[in-house]
Every structure is written in structure tokens, then in C-alpha cells.
Amino acid sequence: MGDRDASPEARRGPPPPRVQLARAKVNLALHITGQRADGYHLLDSLVVFPAIGDVLLAEPADRLHLTIEGPFGTELKDEDPDSNLVLRAVRALAKRLDMAEPAFHLRLTKRLPVASGIGGGSADAAAALRLMALHIGVDVPEAVLADIAAGLGADVPVCLSQSARRMRGIGEELSPVPKLPQLGLVLVNPRQKVATPDVFKALQTRNNAALPDLPDDFSEAFSSSDMLLDYLSKARNDLEAPAISICPAIGEVLTTLKADPRISLARMSGSGATCFALCAAAEVQGLVSDLSRGHPGWWVAGSPALQA
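To convert, note that position 65 of the sequence shown is 90 in the numbering used here; the numbers rise steadily by one, no gaps.
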């Protein structure tokens with residue numbers, strides 16, 4: 026039976042998904058390269074988006090409203106709902122398109138620690154933009170979404186695509202990176218918050234060298250993982266030392282990770298306090314289990330790939 030015999034509903038295909046995974050943004054390297062006159066810091070960073078994140082669900086409703094739940098949802102209970110980046114993103118999109126607020130109940134399941142250096146709020150806002158763009162009945166150009174994202178925060182544009190990128194400027198200059206090799210990633214947070222302004226205030230040097238030039242490709246050869254690890258060994262996170270001076274627990278996490286022979290590289294992400302460990306994909310499950318059992322006060326999550 027040809028496609029012309031199908032019903033209009035069938036020809037349109039399945040409805041767009043009502044759920045988005047807001048993946049954590051992990052800085053494999055983060056160099057602070059300067060500071061603008063307006064106070065914004067310049068950076069050069071390699072970011073990835075493993076299959077670890079919050080979940081945003083959209084359900085038709087009589088009005089736009091947001092419910093926050095999940096392991097870290099209570100940490101946002103005192104926040105003004107209207108100030109949440111998810112609602113701000115939806116309203117910014119509606120305003121840009123000169124539309125009424127879309128009538129949806131948005132349910133955000135917070136599985137990422139709050140204010141933890143892995144872009145949780147930015148990822149949630151980007152997920153809201155993607156989700157609403159699918160459901161408002163209007164084709165939204167990617168350039169429009171990117172412009173709205175930039176107005177919401179420096180990390181929101183890179184979270185739109187959830188693809189590995191090199192970030193420069195204040196986060197608005199995005200460029201693709203070579204295909205990354207298969208490596209597992211484990212995230213660890215000591216469940217202590219670190220305020221980003223405090224970390225930058227403790228930063229001693231703001232005019233640091235940029236990242237080393239990226240290779241043309243990380244080949245699929247046996248040595249591809251070693252190539253990436255060698256590249257990252259020549260990079261750093263310039264915010265790691267100041268963050269540890271404020272929150273010594275970050276240093277304890279890194280000491281534990283670096284002592285484990287299964288881990289090839291450990292470093293802090295963003296302004297902390299979340300740290301990441303790179304390992305063979307087959308080691309992720311065992312590491313998550315061992316770290317969770319050995320440090321029950323820590324938050325631990327793993328992904329079998331840097332880029333899912």
C-alpha cells in the first residue's frame with residue numbers, strides 16, 4: 026500500500042517527543058584567557074555532553090506552569106518559579122514569535138546537583154527551548170533558538186545542540202571538535218555548593234594561555250583514546266585551584282579519583298564542585314558502584330561515552 030493511501034495522521038508521522046534529556050555540560054578543559062571591561066571572563070573550553078542529566082516533560086494543560094521534583098528538586102523549593110530558567114526560556118521563545126504563552130505543564134526532574142559546575146540550569150533552559158520548538162506548531166529557525174539561548178545565559182547556546190564543542194569568548198563562540206574516542210565518564214560531586222563569583226574572585230591569574238590546538242581528528246585507531254588523554258594532559262581547569270581553596274572537599278574527591286588505577290584522568294568541571302573521571306567504558310559501572318559505596322555522602326553518576 027502506497028503512502029498516498031495512508032491517512033493524513035499517518036502521513037504526518039508520530040507526534041514529537043514530549044520528553045527531553047537535559048544533559049550535563051562537562052568541561053574536559055577550561056582555560057580563563059582574559060576579562061572584558063564589563064567584567065565577563067573570557068574562556069577557552071572543550072565541553073562534552075554525556076548521557077547524564079535532568080529530565081524535562083511537557084504535558085498539555087490549561088496554562089503554563091512548572092513543577093520541579095527529583096533528587097535535587099528540593100534545593101530549588103525556595104526559588105521563585107517565575108525566575109526559573111525553564112519558564113524564562115519558554116516565555117522568551119513565545120515573546121520572540123509574538124505568540125501567547127504555550128499552555129503546558131512542564132515537569133522538571135532534577136537529577137543533577139544544583140550550582141555544581143555542570144550547567145544544569147543552562148541545560149534545562151536549552152531543553153525547554155528544544156521541547157517547545159517541537160510543540161508550538163511553528164517552525165523555529167535554529168538561529169532564532171540560538172539567539173534566545175544567548176540571552177538566557179552564556180552556557181545555554183552550547184547546551185542547545187548537546188554536542189561536543191570548543192567554547193571561546195564568553196561562551197558564544199562555538200566550534201565543532203573532532204569525533205571523540207570511546208571513553209567512559211564518571212561524575213562525582215561532594216554535595217557541597219560553590220558560588221561561581223567566589224571562585225572567580227579567588228582566581229589569581231586571568232590572562233592565561235588558550236587551549237592547545239586541537240588535532241584534525243582523533244582517529245578510530247587503537248591509540249585514539251591515548252591521543253585524547255595526551256591532549257587533555259596538556260590542558261587544565263584554571264578554576265580548579267581557587268575552587269579547592271574555597272571548598273577543600275573538591276581536593277578530596279580528586280585525590281580519591283586520581284588514586285584509582287582504573288581512572289586515566291580526573292579533573293574538576295566548570296567552577297565546581299563536580300569532578301569527572303575518564304576511564305574505559307567497561308569500568309564505568311564498577312567505578313560508580315565502588316565510589317557510591319565507599320563515599321555514601323557523594324553524588325556519583327556514570328556514562329559509557331563522553332558523547333552519547
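For glycine and all other residues, C-beta sits at the position ideal for the given N, C-alpha and C. As the structure is a computational prediction, the values presented were derived from the model and not from experiment.
- Message: Looking at the strands, I want to know which residues DSSP matches up with H66.
- Response: One-based indexing of the sequence shown puts residue 66 at position 41. According to DSSP, which records beta bridges pairwise, H66 is partnered with Q60.
- Exposure label - E265; buried when at least 16 CB within 10 Å: Position 240 of the sequence shown holds residue 265. Buried is the call here.
- How big is the Cα-Cα spacing for L81 and A153? Looking up residue 81 in the sequence shown gives position 56. Looking up residue 153 in the sequence shown gives position 128. When rounded, the distance between both Cα atoms is 7 Å.
- DSSP state of A246 mapped onto helix, strand, coil: On the sequence shown, position 221 is the one that residue 246 refers to. A caution first: A246 carries a pLDDT of 49, below 50, which makes its placement in the model unreliable, though a value can still be read off. Note: A246 maps to coil in three-state DSSP.
- Nearest to Q207 by CA position, among R292, A307 and G146, is which residue? The sequence position of residue 207 within the sequence shown is 182, counting from 1. With distances taken between Cα atoms, Q207 lies closest to A307.
- Nearest-angstrom Cα distance between A246 and L159? In the sequence shown, residue 246 corresponds to position 221, counting from 1. In the sequence shown, residue 159 corresponds to position 134, counting from 1. A caution first: A246 carries a pLDDT of 49, below 50, which makes its placement in the model too unreliable to give a value.
- Separation of R231 from P201, as counted between CA atoms: Within the sequence shown, the letter at position 176 stands for residue 201. Within the sequence shown, the letter at position 206 stands for residue 231. Their backbone Cα atoms lie some 25 Å apart in a straight line.
- Query: Using a Cβ-Cβ cut-off of 8 Å (strictly less than) and excluding sequence neighbours within five positions of D79, which residues of its own chain qualify?
  - Reply: Taking the sequence shown and counting its residues from 1, the one referred to as residue 79 is at position 54. These residues qualify, in order along the chain: L46, A47, G95, L133, T134, K135, R136, L137, G145, A148, D149 and A152.
- Query: Which residues in the same chain as N233 place their Cβ atom closer than 8 Å to its Cβ, once the five residues preceding and following it in sequence are excluded?
  - Reply: Within the sequence shown, the letter at position 208 stands for residue 233. Excluding positions up to five away in sequence, the list reads H56, I57, T58 and D263.
- List the DSSP bridge partners of C304. Indexing the sequence shown from 1 puts residue 304 at position 279. Answer is G209 and I288, bridged to C304.
- Task: Might you give, ordered along the chain, the residues of its own chain that have their beta carbon closer than 7 Å to the beta carbon of L91, omitting 5 neighbours on each side?
- Result: The residue you call residue 91 lines up with position 66 of the sequence shown. Only P106, N109, V111, L112, L131 and L133 meet the Cβ criterion.
- Item | Continuous alpha helix (DSSP H) stretch holding H160: start and end | What you label residue 160 is simply residue 135 of the sequence shown in a count that begins at 1. Unbroken alpha helix (DSSP H) run through H160: G145 to H160.
- Task: Report buried or exposed for Y65, applying the criterion of at least 16 other Cβ atoms within 10 angstroms of its Cβ.
- Result: Taking the first residue of the sequence shown as position 1, residue 65 is located at position 40. It is exposed - the Cβ of Y65 has fewer than 16 other Cβ atoms within 10 Å.
- Query: Taking DSSP as the reference, what is the three-state secondary structure of R113?
  - Reply: By one-based count along the sequence shown, residue 113 stands at place 88. Of the three classes helix, strand and coil, the one that applies to R113 here is helix, per DSSP.
- Task: For the stretch 211-225 and the stretch 290-309, state whether three or more C-beta atom pairs, one from each stretch, are separated by less than 8 Å.
- Result: Note that the stretch 211-225 touches the stretch 290-309; at least 3 beta-carbon pairs, one per stretch, sit closer than 8 Å.
- Identify the continuous alpha helix (DSSP H) that holds G78 and give its terminal residues. Indexing the sequence shown from 1 puts residue 78 at position 53. DSSP places G78 outside any alpha helix (DSSP H); the residue lies instead in the beta strand (DSSP E), whose first and last residues are G78 to P85.
- Inter-residue Cα distance where the pair is V309 and Q217: Your numbering for residue 309 matches position 284 in the sequence shown. Your numbering for residue 217 matches position 192 in the sequence shown. Inter-residue distance for V309 and Q217 is about 23 Å (C-alpha atoms, whole angstroms).
- At a cut of 8 Å, does the stretch 182-197 reach the stretch 67-74 through at least three beta carbon pairs? These segments touch.
- Query: Opposite R132 in the DSSP bridges: which residues?
  - Reply: Taking the first residue of the sequence shown as position 1, residue 132 is located at position 107. L82 and T92.
- Query: Which partner residues does N262 have in the DSSP bridge list?
  - Reply: Here residue 262 refers to the residue found at position 237 of the sequence shown. Answer is L55, bridged to N262.
- Task: Measure the alpha-carbon distance for N52 versus L282 and round it to whole angstroms.
- Result: The count along the sequence shown starts at 1 and reaches residue 52 at position 27. The count along the sequence shown starts at 1 and reaches residue 282 at position 257. Across the structure, N52 and L282 are spaced so that their CA atoms are roughly 17 Å apart.
- Item | Whether A171 touches A114 by CB criterion (9 Å) | Along the sequence shown, one-based indexing puts residue 171 at 146. Along the sequence shown, one-based indexing puts residue 114 at 89. Result no, Cβ atoms of A171 and A114 do not sit closer than 9 Å.
- Terminal residues of the continuous beta strand (DSSP E) containing L199? Residue numbering aside, residue 199 sits at position 174 when the sequence shown is read from its first letter. Looking at the DSSP string, the run of the beta strand (DSSP E) that includes L199 is E198 to P201.
- Item | Buried versus exposed, by CB contacts within 10 Å (16 or more), S258 | The residue labelled residue 258 in the question sits at position 233 within the sequence shown. Residue burial annotation: S258 is exposed, with fewer than 16 other C-beta atoms found within 10 angstroms of its C-beta.
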